[in-house]
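A.B. asks: Numbering (this note's numbering), first residue to last: 34 to 134. All C-beta atoms, glycine included, are put in the ideal place defined by N, C-alpha and C. Just so you know, these numbers come straight off a predicted model, no measurement behind them. Please find one structure pasted underneath; my questions will follow.
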């Protein structure tokens with residue numbers, strides 16, 4: 034059975050330095066900053082969507098309590114994840130600052 038299965042090996046690709054895009058530290062920081070900003074905007078959008086659904090439910094414009102509950106739980110979990118990531122980043126920063134050179 035093993036001889037019937039084909040195993041693909043990953044061969045190293047030839048690297049062409051001229052074709053490679055150079056990325057500097059400023060570009061990495063900018064990209065990381067944009068990533069964080071996009072993630073925070075996504076969390077905020079989820080919260081706003083949950084708030085809008087809650088208001089519509091209270092006003093009687095929608096009657097599906099399940100969608101309201103799901104949206105609120107998604108927003109809550111996204112916020113909790115954001116807080117936990119922030120805590121881990123702060124812990125890592127504090128650990129780096131304690132290192133002796």
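Reducing DSSP to helix, strand and coil, say where residue 84 ends up.
C.D. replies: Taking the first residue of the chain shown as 1, we reach residue 84 at position 51. Helix.
A.B. asks: Could you please give the first and the last residue of the uninterrupted alpha helix (DSSP H) stretch that includes residue 121?
C.D. replies: What you label residue 121 is simply residue 88 of the chain shown in a count that begins at 1. That run of the alpha helix (DSSP H) goes 98-131.
A.B. asks: Do you know whose CA, among 130, 69, 67, 82, lies nearest residue 104's CA?
C.D. replies: Taking the chain shown and counting its residues from 1, one reaches residue 104 at position 71. Nearest of 130, 69, 67, 82 to residue 104, Cα basis: 82.
A.B. asks: Can you tell me the Cα-Cα spacing of residue 66 and residue 91, whole angstroms?
C.D. replies: As a first step, residue 66 must be located in the chain shown, where it is residue number 33. As a first step, residue 91 must be located in the chain shown, where it is residue number 58. Approximately 38 Å between the Cα atoms of the pair.
A.B. asks: Would you mind working out which of 106, 86, 107 sits nearest residue 97, comparing C-alpha positions?
C.D. replies: Indexing the chain shown from 1 puts residue 97 at position 64. Answer by Cα proximity: 86.
A.B. asks: May I ask you to report which of helix, strand or coil DSSP gives residue 93?
C.D. replies: Against the chain shown, residue 93 aligns to sequence position 60. The answer is coil: DSSP assigns residue 93 none of H, G, I, E or B.
A.B. asks: Excluding sequence positions up to five away, which residues of its chain have a Cβ less than 8 Å from the Cβ of residue 40?
C.D. replies: As a first step, residue 40 must be located in the chain shown, where it is residue number 7. Interpretation of residue 40 is limited by its pLDDT of 43, a score under 50 that renders its predicted location unreliable; no figure is taken from the coordinates.
A.B. asks: Express the C-alpha separation of residue 58 and residue 113 in angstroms, rounding to a whole number.
C.D. replies: By one-based count along the chain shown, residue 113 stands at place 80. By one-based count along the chain shown, residue 58 stands at place 25. The alpha-carbon atoms of residue 113 and residue 58 are separated by roughly 30 Å.
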